[in-house]
Amino acid sequence: MINSQLAAIRQDYLLASLTEEDTFDDPILQFQKWFQEAVNAGIDDVNALALATVDAHHKPHNRIVLLKGIEQEQFVFFTNYNSHKGNDIASNPNVALTFYWVELQRQIRIEGIATKLTVEASEAYFHSRPIESQLGAWASHQSEVLHHRHDLEKRFELLQKEYDGKKIPCPPHWGGYQVLPSVIEFWQGRASRMHDRIFYSKEIDSNWKRVRLNP
Ligand SMILES: Cc1cc2nc3c(=O)[nH]c(=O)nc-3n(C[C@H](O)[C@H](O)[C@H](O)COP(=O)(O)O)c2cc1C
């Protein structure tokens, strides 16, 4: 049943097109334009992206994180440095980011190198978060086995008491990564699977090269 349903699902993409002339020479500007359009379209979790990493055994892993800024042409997200993704990045800084905005029939793919944000930048963002999120960063040993949810809740409650009325320090194992892109691709769905793909790659001279790819 499910297979016949899956085989029958067919979406045609008719909303828009993307030509070389429509795009900026600089893909960061193009990202900002599309991101603003996605915000204007009221898309839920508009800053959610699939983050792919590769571990020390060359196995890929993927999960959603939230984009929290673009600083000096680098894409910023925050996480636990001791998590699986943190360990992957420590052994291999190559990452890939994918946004998909179904309502706009648009995908953006980014490939690049992840490095840690400065402690100061991570701390500044940490302290801008709601208190509960700050406590959560201390309470959660992200990606480790949790035998009982109760243990996590207990840690959270104890931390709440410990830091009641006090400034919560940023955990040393928590912070941001910035991704310096070497590839950015913009995909606009079109009719009959004849999609538009505008692909930018960074040349050795640091200039961006733009080409159109087959769908
Ligand atoms: C919508 C959404 C947003 C998320 N945002 C983040 C985030 O910004 N940072 C983060 O560490 N995990 C985030 N997560 C959780 C991750 O997907 C993942 O479960 C967690 O980071 C552990 O991943 P890892 O074990 O591969 O390191 C988010 C999940 C979803 C569904």
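By numbering that gives the first Met the number 0, the letter at position 206 of the sequence shown is numbered 205, and the numbering carries on one by one without gaps.
Note that CB positions come from ideal geometry on N, CA and C, so glycine has one too.
1) Across which residues does DSSP place N93 in a beta bridge pair?
2) Can you give me the start and stop residues for the alpha helix (DSSP H) that G164 sits inside?
3) When you measure from the CB of R62 to every non-hydrogen atom of ligand 1, does any distance come out below 7 Å?
4) Under three-state DSSP, which class holds P26?
5) Residue range of the alpha helix (DSSP H) that I1 falls in?
6) Is DSSP giving Y124 helix, strand or coil here?
7) Starting from W100, follow its DSSP beta bridges and name the residues at the other end.
8) Please state if the CB of F74 and the CB of P170 are separated by a distance shorter than 8 Å.
9) Could you work out which residue in N61, I42, T117 and N81 is closest to L96 when comparing CA atoms only?
10) Give the straight-line distance between the Cα atoms of A216 and Q104, rounded to the nearest whole angstrom.
11) Thinking R211 and E70 are a contact (beta carbons under 8 Å), I'd like their distance in whole angstroms, please.
12) Go through its chain and collect everything with a Cβ distance to I112's Cβ below 8 Å, but skip five positions before and after it.
13) Considering Cα atoms alone, identify which of Q4, K208 and H172 is closest to H83.
14) Looking at the structure shown, is R196 part of a helix, part of a strand, or coil, going by DSSP?
So, to answer that:
1) I112
2) Element bounds for G164: n/a, residue is neither H nor E.
3) yes
4) helix
5) I1 to A7
6) helix
7) R105
8) Not in contact: P170 and F74 (Cβ atoms no closer than 8 Å).
9) N61
10) Only positions 0 to 214 of the chain appear in this structure, which leaves residue 216 out of reach.
11) 29 Å between Cβ atoms; not a contact.
12) P92, N93, V94, V178, L179 and S181
13) H172
14) R196 carries a strand assignment under DSSP once its states are collapsed to helix, strand and coil.
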